[in-house]
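In this text, residue positions in the sequence shown follow the working numbering: the first is 126, and each later residue adds one.
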Amino acid sequence: MDLSLEQTINNKLAHCFEQLGLDTRFAVVKPSDRPDLSDFQCNGALALAKQEHKNPREIASQIAAVLEQDADFSKISVDGPGFINLSVSDSLISSVLCAMAQDNRLGCSRVANPHKIILDSGGPNVAKALHVGHLRSAVIGEAIRRIEKFVGNDIISDVHFGDYGTPMGMILGEIIRQDGDLSRTSTYNIEQISDFYKRANARCKENEAEKEEASRITAELQNGNPEYYKAWQHLRQVSVDAVKKNYDVLGAHFDLWLGESDAHQASQEVIKMAQEQGISEVDDGATIIRLEESNKPKPPVILVKSNGGIGYQVTDIATIKMRVDDLKADEIIYVVDKRQSLHFEQVFEAAAKLGLVKHTKLQHIGFGTVNGSDGKPFKTRDGGVMNLEDLITLSKDKVRESMPEAKDLEGFASEAEAQKYIDTLVEDIAIAAIKFQDLKNNIASGYVFELDDFAKFEGKTGPYIQYAIARINSIMRKAQAAGIQAGDIIITNREERDLALKLAQLNNVVMRTHEEKEPSIISDYAYTLAQTFSTFYNASSIMNAATPAEASSRLRLASLTRDVLKLLLDLLGIKAPEVMLKK
Ligand code: ARG
126 MDLSLEQTIN NKLAHCFEQL GLDTRFAVVK PSDRPDLSDF QCNGALALAK
176 QEHKNPREIA SQIAAVLEQD ADFSKISVDG PGFINLSVSD SLISSVLCAM
226 AQDNRLGCSR VANPHKIILD SGGPNVAKAL HVGHLRSAVI GEAIRRIEKF
276 VGNDIISDVH FGDYGTPMGM ILGEIIRQDG DLSRTSTYNI EQISDFYKRA
326 NARCKENEAE KEEASRITAE LQNGNPEYYK AWQHLRQVSV DAVKKNYDVL
376 GAHFDLWLGE SDAHQASQEV IKMAQEQGIS EVDDGATIIR LEESNKPKPP
426 VILVKSNGGI GYQVTDIATI KMRVDDLKAD EIIYVVDKRQ SLHFEQVFEA
476 AAKLGLVKHT KLQHIGFGTV NGSDGKPFKT RDGGVMNLED LITLSKDKVR
526 ESMPEAKDLE GFASEAEAQK YIDTLVEDIA IAAIKFQDLK NNIASGYVFE
576 LDDFAKFEGK TGPYIQYAIA RINSIMRKAQ AAGIQAGDII ITNREERDLA
626 LKLAQLNNVV MRTHEEKEPS IISDYAYTLA QTFSTFYNAS SIMNAATPAE
676 ASSRLRLASL TRDVLKLLLD LLGIKAPEVM LKK
C-alpha cells in the first residue's frame with residue numbers, strides 16, 4: 126500500500142478510470158472544499174466531459190458506481206454539475222497512519238529523478254554587516270535547501286559573496302585617502318572596515334571624481350594589481366568571518382563560500398566566447414551583449430566597462446558557466462530580492478545566447494521586502510538599516526519577557542546552570558520567531574514585521590508550534606509513566622478523525638512545497654495541524670479514555686503529530702526544544 130492517503134485514492138481512481146476506458150490523467154482527488162460533506166473531491170468528470178463532449182454527471186455517476194464497490198470508501202456522491210465527493214473508511218485512514226508511524230520518513234516520498242541543484246541564496250557583501258535585507262535569502266534559502274535534500278535531490282548551497290564590485294575600490298580608495306597607502310589595512314577589523322565603507326559610500330554619492338576613482342581602483346584590482354589584491358584579501362577574510370558568525374546563529378548552512386571574485390577567470394572566458402561567437406559588440410568603449418526586446422525594453426548586458434572593469438552581470442554569467450561545467454548543475458536556484466528580477470532576466474538570456482545552459486534550468490525566486498508598519502523597508506527607530514544582530518537581540522528580549530527567572534527554576538544544580546539553560550532556550554525560540562514569521566509569508570510578497578506579535582506563544586508563530594511540540598512531549602511522558610503504550614489507531618470521534626486526516630496530508634504538503642518552492646505551504650500546514658491537535662486533545666483525553674485500546678490509539682495520534690511537527694520545523698530550519706518554559 127502507498128503510504129500517502131491521497132495517492133492511495135488516486136491509484137484506486139486511476140484503476141476505475143482504466144476499467145471505464147477514461148483518460149487517467151483526470152483521476153485525481155484533492156481534500157474536499159466542504160470537509161463537512163466529504164473527505165475528498167474529484168473534479169475529473171467535468172474536465173473529461175469537456176474533452177469528450179459528454180454529459181459530466183453521467184460520467185461522474187459511472188465512476189461513482191464502480192467506486193461504490195470498494196469498501197475503503199464509506200460514502201460516494203455525485204453533486205452539482207458532476208463533482209464526485211468521496212469519504213474514506215476509518216479503517217483505511219488508520220492503516221495509512223499506522224504505516225506512516227512505522228516509516229522513518231513518515232510516509233514521505235522522494236523525487237523520481239533526483240538531480241543536482243546549486244542554490245545561490247546568501248549574497249552578503251564585503252564590509253557590510255548582515256542586515257534585515259539579508260534575512261530572507263538566508264532563511265528561505267535554508268528551508269529550500271533542507272526540503273530539496275529531504276525529497277532526494279543533491280543540493281549544494283553557495284553563499285556567492287559580493288567581493289569584487291565597485292565597493293571594493295571604494296573601500297581601498299578611502300583607506301588610501303586616510304592612511305596615504307594600504308600598509309595598515311591588515312590591522313583593520315570588521316567594524317573599522319564597515320566604517321571605511323560607510324564613509325566611502327557617502328563620499329562617492331556626492332563626488333563624481335571619487336566615484337570614478339573607486340571604479341578605476343576596482344578595475345585595477347580585477348586586473349591583478351598586487352598591492353590592491355593583498356589588501357583586498359584581508360578585507361574579504363575579515364568580512365567572511367563576521368558573516369559566518371551571523372549565519373551560524375541563524376542556522377543557515379552554506380556548502381560553498383565562493384564569491385564573485387572566484388568567477389574572474391571564467392569571466393574572461395565568457396567575454397572571449399561572446400566575441401568569438403559574434404554575440405558581443407563594442408558600444409561607446411564598452412563591450413556589450415544586446416538582448417531581445419520583444420515584450421519590453423531590456424538593457425544590454427555589459428561585459429566589459431569602458432574603463433576595463435567587469436561588472437555584476439558578467440560575474441553571474443561566468444558563475445553559471447562554472448556551476449554547469451565544474452559542479453554539473455542540472456538546476457540553479459537564486460533566492461534573491463525580487464527587485465533584481467531584471468538582472469536575472471538579462472543574465473539568464475545572455476547565458477542562453479552563449480549556449481551555457483543547454484540542459485540546466487535557471488530559476489530566480491524573488492522575494493519581497495521585510496517592511497515596517499509604515500509599509501516601507503524595515504528600519505531601526507532612528508531610521509537606519511536594521512542589523513541582523515540587532516534584530517536577533519530584539520527578538521531575544523521579547524522572548525525573555527515570557528520566560529521564568531533562573532532562580533525560580535527547579536531541578537538544576539545551580540542558578541548559573543539554570544540561566545545557561547534559559548539562554549539557549551531563548552535563542553532557539555527567538556530564532557524560530559524570526560524565521561517562522563518570514564516563512565509563513567508567501568515568498569514573492571513582502572511582509573510587515575509584526576514587532577508586537579511575532580514572538581508570542583499564541584497565534585501563527587514559530588514559538589506556538591514549538592510549544593505545541595513540547596506540550597505533546599509532556600503528554601507523552603505522562604501517558605508513558607501511567608503505563609500507556611502507543612498502539613493501533615481506532616477512530617471513535619470526529620476530532621480523532623479530523624486529526625488523522627490532517628496527518629495523512631503530510632506527503633502531499635511536502636511534495637507541493639518542493640514543487641512550488643514555497644515554504645509557506647509547510648508553515649500553513651504546521652499551524653493548522655497544531656490547532657487540529659489542540660481541538661483533538663480537548664475532546665479526547667488519553668488518561669481518561671474509555672478503553673486501553675482507545676488510550677493507546679490516542680497516544681499514537683499524539684506521537685505521530687509530534688513527529689510530523691518536528692519534521693516540518695526541521696524542514697523549515699527551526700529547532701524544536703524538548704521542553705518549553707513559560708512564566
Ligand atoms: N551581493 C548581491 C547584493 O547584495 C546579491 C547576490 C545575489 N546572488 C547573485 N548570484 N547575484 O545585491
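In this text, a Cβ means the ideal position worked out from N, Cα and C, and glycines have one as well.
Here the structure is a predicted model, which means the values were calculated and not measured.
Unbroken alpha helix (DSSP H) run spanning residue i, endpoints
i, result
"residue 667", "From DSSP, residue 667 is part of no alpha helix (DSSP H); its letter is neither H nor E."
"residue 165", "Counting along the chain, residue 165 falls outside any alpha helix (DSSP H), though it belongs to the beta strand (DSSP E) covering 165-167."
"residue 456", "Taken as a continuous stretch (DSSP letters only), residue 456 belongs to no alpha helix (DSSP H), being part of the beta strand (DSSP E) at 456-462."
Exposed unless 16 or more other CB atoms sit within 10 angstroms - verdict on residue i
i, result
"residue 249", "buried"
"residue 571", "buried"
"residue 484", "exposed"
"residue 664", "exposed"
"residue 704", "exposed"
"residue 270", "buried"
"residue 434", "buried"
"residue 691", "buried"
"residue 529", "exposed"
"residue 563", "buried"
"residue 471", "buried"
"residue 403", "exposed"
"residue 410", "exposed"
"residue 236", "exposed"
"residue 611", "buried"
"residue 180", "exposed"
"residue 715", "Outside the modelled stretch of the chain, which goes from 126 to 708, sits residue 715, for which no answer is possible."
"residue 566", "buried"
"residue 620", "buried"
CA-to-CA distance, residue j to residue i, given in whole angstroms
i, j, result
"residue 192", "residue 455", "42 Å"
"residue 272", "residue 554", "21 Å"
"residue 613", "residue 639", "31 Å"
"residue 355", "residue 437", "22 Å"
"residue 422", "residue 300", "40 Å"
"residue 285", "residue 694", "26 Å"
"residue 175", "residue 201", "22 Å"
"residue 391", "residue 449", "12 Å"
"residue 261", "residue 296", "27 Å"
"residue 177", "residue 196", "30 Å"
"residue 500", "residue 494", "10 Å"
"residue 670", "residue 632", "30 Å"
"residue 126", "residue 160", "Reliability of the predicted coordinates at residue 126 is poor, the pLDDT of 44 falling under 50, and the value obtained from them is presented with this limitation in mind. Using only the alpha carbons, I get a separation of about 25 Å."
"residue 233", "residue 225", "8 Å"
"residue 708", "residue 381", "42 Å"
"residue 203", "residue 166", "10 Å"
"residue 210", "residue 606", "43 Å"
Nearest to residue i (by Cα), restricted to the options the options
i, options, result
"residue 636", "356, 626, 627 and 647", "647"
"residue 169", "160, 189 and 479", "189"
"residue 282", "336, 458 and 289", "458"
"residue 313", "357, 348, 522 and 224", "357"
"residue 550", "701, 430 and 224", "701"
"residue 657", "604, 685, 520 and 641", "685"
"residue 468", "504, 453, 482 and 441", "441"
"residue 668", "620, 608 and 342", "608"
"residue 452", "407, 482 and 672", "482"
"residue 374", "263, 597, 233 and 144", "263"
"residue 641", "546, 569 and 130", "569"
"residue 524", "258, 582, 465 and 566", "582"
"residue 527", "535, 540, 234 and 547", "547"
"residue 599", "246, 662, 360 and 359", "662"
"residue 464", "473, 491 and 443", "491"
Residue interval of the beta strand (DSSP E) (run including residue i)
i, result
"residue 412", "411-414"
"residue 491", "486-492"
"residue 208", "208-213"
"residue 279", "279-283"
"residue 193", "No beta strand (DSSP E) contains residue 193, which DSSP labels as neither H nor E."
"residue 244", "241-245"
Assumed close pair residue i, residue j - CB separation to whole angstroms, cut-off 8 Å
i, j, result
"residue 241", "residue 279", "5 Å"
"residue 559", "residue 516", "7 Å"
"residue 266", "residue 244", "6 Å"
"residue 255", "residue 293", "At roughly 18 Å, the Cβ-Cβ gap does not stay under 8 Å, so residue 255 and residue 293 are not in contact."
"residue 696", "residue 379", "Their Cβ separation, rounded to whole angstroms, is 18 Å, which puts residue 696 and residue 379 out of contact at 8 Å."
"residue 552", "residue 371", "Residue 552 to residue 371, Cβ: 13 Å. No contact."
"residue 340", "residue 291", "6 Å"
"residue 207", "residue 162", "Contact flag wrong, Cβ pair sits at about 16 Å."
"residue 122", "residue 399", "This structure does not reach residue 122, given that the chain is present from 126 up to 708, and the question cannot be answered."
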